[in-house]
Amino acid sequence: MATTEENVPGLQQDDPVPASQVDDFSIPDFLSPSQINSLLEIQDLDDIQRLMEGFLNVQDPETDLKEAVLADYYVSGFCWGKDKNFTLEQLRGLMGLLHLLMENVQVKRMPLDENVLQLARALTGIGHSVLKDKGRLTFFNVDQAKDIIDYFKISLFQHYKLYECMFTVPRDQMVIGEEQIVEIPQPAEAPFPVPLEEGIPYDVYAKFLLPPDPKEVIETVEAEINEKLRVQEEASTSKIENLQKP
66 MATTEENVPG
76 LQQDDPVPAS
86 QVDDFSIPDF
96 LSPSQINSLL
106 EIQDLDDIQR
116 LMEGFLNVQD
126 PETDLKEAVL
136 ADYYVSGFCW
146 GKDKNFTLEQ
156 LRGLMGLLHL
166 LMENVQVKRM
176 PLDENVLQLA
186 RALTGIGHSV
196 LKDKGRLTFF
206 NVDQAKDIID
216 YFKISLFQHY
226 KLYECMFTVP
236 RDQMVIGEEQ
246 IVEIPQPAEA
256 PFPVPLEEGI
266 PYDVYAKFLL
276 PPDPKEVIET
286 VEAEINEKLR
296 VQEEASTSKI
306 ENLQKP
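Under the working numbering, the residues of the sequence shown are numbered 66 to 311, in order.
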């Protein structure tokens, strides 16, 4: 009975693929198994974001655009692979591939067509009877490889110019400030009139405008409360004495 093999689009079984294309190619181990397990144990997205920022040694994602974009890139990729129910080994491979393609943009300044070729080389051997033993990501099946290609199309390749611009064009540092105008009273010299509080006698100011001392207010309230308690206590004592009389 004849059998057929599926192939990743762009990697046909009969295509001549040089052995050096696979032998000389490697995918970095971006995250260790323990780091992947730590991410898998977390359910809250914000906690995943903070842990990933620690793995990336991100210092200030709130104000640094590059750090924020990189953290979002890796977190989004991990969550996508997690939603696809990838195994630990597959998640490690996916994160390594994410790192490889991003390094090609950030460090090597690799153009889009060459980076697409890097993705094709990384997926070499999946569904390929000849190169299966030499492939780096052969723990993925053909359908998963197709999903990975589609994911990188919409997450990285579709926005490639923006990533290139972010890593190549220097950003201007903008200092954001606010200017406030505060009016203050003019000195009590002609032709300007004196301020209101200085233009009235102190006894009038003290009687009608000066706020009371908080300490004096508290003492007055305490005295009133103590007086009421004393009166109530005397009344209660008097009633008790009247009841005790024969």
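The C-beta atom is built at its ideal place from N, Cα and C for all residues, glycine as well. No experiment lies behind these values; they were computed from the predicted model shown.
Where residue i sits in the DSSP three-state scheme
{"i": "Asn307", "result": "helix"}
{"i": "Gln100", "result": "helix"}
{"i": "Arg115", "result": "helix"}
{"i": "Asn206", "result": "coil"}
{"i": "Leu275", "result": "coil"}
{"i": "Gln245", "result": "coil"}
{"i": "Glu284", "result": "helix"}
{"i": "Leu165", "result": "helix"}
{"i": "Val123", "result": "coil"}
{"i": "Leu188", "result": "coil"}
{"i": "Arg174", "result": "coil"}
{"i": "Ser91", "result": "coil"}
{"i": "Gln183", "result": "helix"}
{"i": "Gln108", "result": "coil"}
{"i": "Val269", "result": "helix"}
{"i": "Val296", "result": "helix"}
{"i": "Leu227", "result": "helix"}
Burial state of residue i (16 or more Cβ within 10 Å)
{"i": "Phe273", "result": "exposed"}
{"i": "Leu159", "result": "buried"}
{"i": "Ala288", "result": "exposed"}
{"i": "Glu299", "result": "exposed"}
{"i": "Asp88", "result": "In this prediction, Asp88 has a pLDDT of 49, which is less than 50 and means its spatial position is unreliable; nothing more can be read from the coordinates."}
{"i": "Gly242", "result": "exposed"}
{"i": "Val296", "result": "exposed"}
{"i": "Leu110", "result": "exposed"}
{"i": "Asn180", "result": "buried"}
{"i": "Leu275", "result": "exposed"}
{"i": "Leu96", "result": "buried"}
{"i": "Ile191", "result": "buried"}
Residues near residue i by beta carbon distance below 7 Å, same chain, minus five either side
{"i": "Pro93", "result": "Gly161, His164, Leu165"}
{"i": "Glu118", "result": "Pro126, Ala136"}
{"i": "Leu76", "result": "Caution applies to Leu76, whose pLDDT of 42 falls short of 50 and renders its modelled position unreliable; the value that the coordinates give is listed next. Cβ within range, chain order: Ala185, Leu188, Thr189, His193."}
{"i": "Gln100", "result": "Phe120"}
8 Å CB neighbourhood of residue i in its chain, flanking five on each side removed
{"i": "Pro98", "result": "Leu153, Arg157"}
{"i": "Ile107", "result": "Ile113, Leu116"}
{"i": "Gly142", "result": "Leu159, Met160, Leu163, Tyr216, Ser220"}
{"i": "Leu308", "result": "none"}
Pair within 8 Å by beta-carbon distance, residue i and residue j
{"i": "Tyr138", "j": "Met167", "result": "yes"}
{"i": "Gln155", "j": "Phe204", "result": "yes"}
{"i": "Lys149", "j": "Asp212", "result": "yes"}
{"i": "Tyr228", "j": "Val170", "result": "yes"}
{"i": "Lys147", "j": "Leu177", "result": "no"}
Neighbourhood of residue i by C-beta, 6 Å cutoff - its chain only, sequence neighbours within 5 removed
{"i": "Ile305", "result": "none"}
{"i": "Ser103", "result": "none"}
{"i": "Glu132", "result": "Val123, Pro126"}
Residue i: CB within 7 Å of a non-hydrogen atom of the ligand SAM
{"i": "Lys280", "result": "For the ligand SAM, the structure offers nothing, since it holds no ligand at all."}
Whole beta strand (DSSP E) runs in the segment 127–163 with 3 or more residues, listed along the chain? none
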